[in-house]
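Enquirer:
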Ligand code: SF4
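In this note's numbering, the protein residues as written are 224 to 576.
1. Taking the alpha helix (DSSP H) that residue 362 belongs to, which residues open and close that run?
2. Between 266, 227, 566, 297, which has its C-alpha nearest residue 512's C-alpha?
3. Buried or exposed for residue 492, going by 16 or more other Cβ atoms inside 10 Å?
4. Quick one: complete alpha helix (DSSP H) runs, 4+ long, within the segment 274-334?
5. Between which two residues does the alpha helix (DSSP H) holding residue 435 run?
6. Please name the residue, chosen from 409, 458, 410, 413, that lies closest to residue 432 on a Cα-to-Cα basis.
7. Is the separation between the beta-carbon of residue 445 and that of residue 407 shorter than 8 Å?
8. Out of 287, 237, 234, 371, which has the shortest C-alpha to C-alpha gap to residue 411?
9. Give the straight-line distance between the Cα atoms of residue 528 and residue 521, rounded to the nearest whole angstrom.
10. Short check: CB of residue 572 to CB of residue 558, under 8 Å?
11. Among all the DSSP beta bridges, which residues are the ones paired with residue 249?
12. Give me every residue whose Cβ sits closer than 7 Å to any heavy atom of the ligand SF4, in chain order.
13. When you compare only the Cα positions, how much space is there between residue 358 and residue 259?
14. Let me check one thing: in DSSP terms, what residues is residue 422 bridge-paired to?
Written as structure tokens, this is what we have:
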């Protein structure tokens, strides 16, 4: 891992982004924003999963008017996603939004831009400028032929120039693409030139494991290079899955350590206990666990005892049974059909750290 690059620290309500702050994980609501009960219940599930910042689309005034009703029932900052309409942005700030995702170059006249930036400044509301390779300006596409990292950088610079002309620097940037190498290179270019914090994401990544792999490569490569200050994994799925994937990316890079790390072997011809369903069930039933614990479930005595001994809790399986380890010591022998329950019991008993 390279040293994390230093960036400006921007506050979204009480959550800092950049300037070496912990990396917040974001997601986006999928319910209609003016359906307050549905949005709040979605956000509460996301909070429970570890979401630090939540964004909601604000396509109309009804959605904007829902902002205070949502905010009074949630515990994390609320970000508004606005396209083109400066009146929605002004009213969203009035209603207490904590950050706005809007591109100043798309708002219209300079007068409208000035109004939004003035109001954001008065209320300490940061903006995120989001460049997407799929919606680059026509002239940039003509100049570069297709969406290139340089074209994405130039698009970001256009919006930045407008903000800087008004002396507004409370900014976060994102340069997203559904193509991970393009997103990686565009963010590298931006971070070489600017100190604004970067929101990382591979946009429209798709569904399931393919999308998680694609996002992990895009986001993880940059984070390993020390680039990036907040992340969102975009999945065509329940947004809670985005938070799980985001947390796992940060955990895999050693950026966060909270939560259960389950180590299990791939199994092979030596396996005499079917650990695949055991591990899957264990993962499912420990999703909520926030304790920082390593649990190993290993298929045989070749590598099993070593890994199980190194973990906080571990099982090294033999023939339809396994040795249960706790903090490196063997504590008992357990039959295959009791492994899940015994592991859950030990995880529950393990002290918070
Ligand atoms: Fe095979 Fe044993 Fe290694 Fe698991 S731990 S992959 S069962 S050799």
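Ideal Cβ positions, reconstructed from N, Cα and C, are used throughout, including at glycine.
Because the structure is a prediction, the values reported are computed rather than measured.
Expert: Result, derived from the coordinates:
1. Judged by DSSP secondary structure, residue 362 falls within the alpha helix (DSSP H) whose first and last residues are 361-367.
2. 566
3. exposed
4. 284-288, 290-294, 309-317
5. 431-447
6. 458
7. Contact: yes.
8. 371
9. Going by the C-alpha atoms only, they are around 8 Å apart.
10. no
11. 276, 455
12. 488, 489, 490, 491, 493, 494, 521, 522, 523, 525, 526, 527
13. 30 Å
14. 453
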